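Numbering (the numbering used here), first residue to last: 647 to 1277.
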């Protein structure tokens, strides 16, 4: 009898112990996971090797992207690194606005076979493009134009006319319309403008029919533009990108959940051809830079457009279906839908009329040296001849390459007498030297290295400036000493930047080195046990990779940055912070601290569970012994 009770007691105890151990193991697992503070480090895996993509040619800070074996990584530094085991991997280099891929080596696919691999990617800068805006016709007279209806919830503010056709006025809801005495339009306290419907008095129906036809024509025009400058940029994910003017095309939808920047001038035009839908996330926003205008931004969307809550949007949406603008959003542009438009307490403002289709113009300046004061000379550029008796002749041209020729009323030699000049989104300069027929002349060549391909730079020699996007600027000069200065973009410094060259019967070559102006930022780790692996991730930069020392130094341009430092040791919290680079080196301390080991609610629950389990065991044993004793 006692033997039977002993077996029962033993079973109860074993089951209870299993339950206690299971709960403890679950708790320990949760505690270890909580130590990571939501930051996932990327430790080096045994048997894996780095596949590094190193780019040249991009302007510093430009975001670029690599997809390797389905994994996408983005960076604004010059390197993107993957860690892979032995295998064969295909890769693609993402499109970068304003640049094209000149070459890659080795080409896709690459084979990881027991060693690290480096893929060199060379970008070349594209000349800014000038395209004409989409002609909206009379559809441009409406802030909102739809075929099947306009509905509103809440208090919305609309600056501009709105209209529906062929739908009747009953399909305009939520705006509390009041019919004008003419019967041709309605008004609303929420609309600064007029409200039109196909069922209103003449001539409104025919006016709307024309406007809707113009809307459809504009959609077809935008969708039919050929030779896009960028195709499938970012695979449709444009978050954080800066886009230069041009024609963009996607075979999919486009999503923006944070922000994009459109940088150009007041005449720059953007046309976005989207084969899928446009999804603009909650709180997302468009930043206009350099004078970019909302009336020159066109979103052609095949599958409808949705603007999220609290978003800030610019441009004209030409939707083949519906447009939905969620609560509290602001849109400076036109909503032109071939079905319906839905509003929810939004602010819609029609922009100014689109800029003239004339392309942006830039100065082209020729400056001469060597002619006697008051001597007439002339330049023919792109078939246009201009004459002057002063040292400077200026033209105005859009982006492009233009042939020129130079002449004068003297018999002097001219250097160069003919050539070509490139206009590349800014003023272009060409120096001209005149020399007497019997004067010896020599070449003074300035050869540059270090700038991104296609970047404009220049030299001013003895007061004459010549610019180029190639790597060499040449002058033809007589024997004498000449001061010079080098012109490079703001983020670069040139060596030498100034100087004097003496021509004395020989040609001269000056080597110019341009380097990005960056400053060292040193991170010092404290708090971790010696030798512990840690990682540093700076916003929009490549990860540091695994670090085991206590310091890490990176060179950065002036600006503000955020960082996260994390460790493979789950007993330590991740460290987050911000810093600013402002013209000098700086240092930051990543101070790691241990995850708290104080008793949490989870600990208390487990202790209570153990106590309860022990109480159950004790009670069961007591009952069994009592029953056994009574028998």
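C-beta: ideal position from N, C-alpha, C; glycine also.
The structure presented is a predicted model; accordingly, all values stated were derived computationally and were not measured.
Counting only the Cα atoms, residue 778 lies some 28 Å from residue 852. In this structure, residue 845 keeps its C-beta atom at 7 Å or more from the C-beta atom of residue 797. Bridge pairing for residue 908: 889 and 934 [DSSP]. Nearest in C-alpha terms to residue 982, of all of 785, 1221 and 992, is 785.
Pairing residue 1143 with residue 1132 gives a Cβ-Cβ distance under 7 Å.
About 6 Å separates the Cβ atoms of residue 1126 and residue 1149, confirming a contact at the 8 Å cut-off. Taken in chain order, the complete beta strand (DSSP E) segments of 3 or more residues contained in the region 737-802 are 737-739, 745-751, 756-758, 763-771, 788-792 and 795-799. Of the candidates 1048, 911 and 866, 866 places its Cα closest to the Cα of residue 966. Ranked by Cα distance from residue 1167, the options 1063, 751 and 1197 are led by 1197. Assigned with DSSP and collapsed to three states, residue 861 falls in helix. Just measuring C-alpha positions, the residue of 1054, 1026, 1035 and 763 sitting nearest residue 1041 is 1026. The region 1008-1020 makes no contact with the region 814-829; the number of CB pairs closer than 8 Å stays below 3. It is roughly 7 Å from the alpha-carbon of residue 826 to the alpha-carbon of residue 833. Unbroken beta strand (DSSP E) stretches of 3 residues or longer found wholly inside the region 1002-1081: 1008-1015, 1023-1027, 1030-1034, 1038-1043, 1046-1054, 1059-1061, 1064-1069 and 1074-1081, given in chain order. With 16 or more other Cβ atoms inside 10 Å of its own Cβ, residue 1067 counts as buried. When secondary structure is reduced to three states using DSSP, residue 990 falls in the strand class. For residue 1160, the uninterrupted beta strand (DSSP E) segment begins and ends at 1154-1162.
If the five residues before and after residue 1043 are omitted, its C-beta is found closer than 7 Å to the C-beta atoms of 1007, 1008, 1010, 1028 and 1069, all from its own chain and listed in chain order. Secondary-structure assignment with DSSP links residue 694 through a beta bridge to 731. Each residue's CA atom was taken as its position, placing residue 1215 and residue 934 some 44 Å apart.
Inter-residue distance for residue 945 and residue 906 is about 14 Å (C-alpha atoms, whole angstroms). For the pair residue 729 and residue 701, the CB atoms are not nearer than the 7 Å cut-off.
Note on geometry: alpha-carbon atoms of residue 1019 and residue 1134 lie some 31 Å from one another.
About 6 Å separates the beta carbons of residue 900 and residue 884, which is inside the 8 Å limit, making them a contact pair. In this structure, residue 968 places its C-beta atom within 7 Å of the C-beta atom of residue 986. Around the beta carbon of residue 1085, fewer than 16 other beta carbons sit within 10 angstroms, so the residue counts as exposed. Counting of Cβ neighbours within 10 angstroms places residue 849 among the exposed residues, the total staying below 16. Residue 1137 sits close to residue 1163, with the two beta carbons spaced by under 7 Å.
Contact annotation: residue 1179 and residue 1110 have beta-carbon atoms that are not nearer than 7 Å.
By the criterion of a C-beta distance shorter than 8 Å, residue 1146 is surrounded in its chain by 1127, 1128, 1129 and 1130, once the five residues flanking it on both sides are discounted.
Residue 975 sits buried, since 16 or more C-beta atoms from the chains shown fall within 10 Å of its C-beta.
Residue pairing by DSSP places residue 810 opposite 792 and 843 in a beta bridge. When the Cα atoms are used, residue 1232 and residue 1098 turn out to be separated by approximately 27 Å. The closest CA to that of residue 822, considering only 996, 1052 and 835, is found on 835.
For residue 931, the CB contacts under 6 Å within the same chain, skipping 5 residues up- and downstream, are 905 and 958 in chain order. When the Cα atoms are used, residue 952 and residue 922 turn out to be separated by approximately 12 Å.
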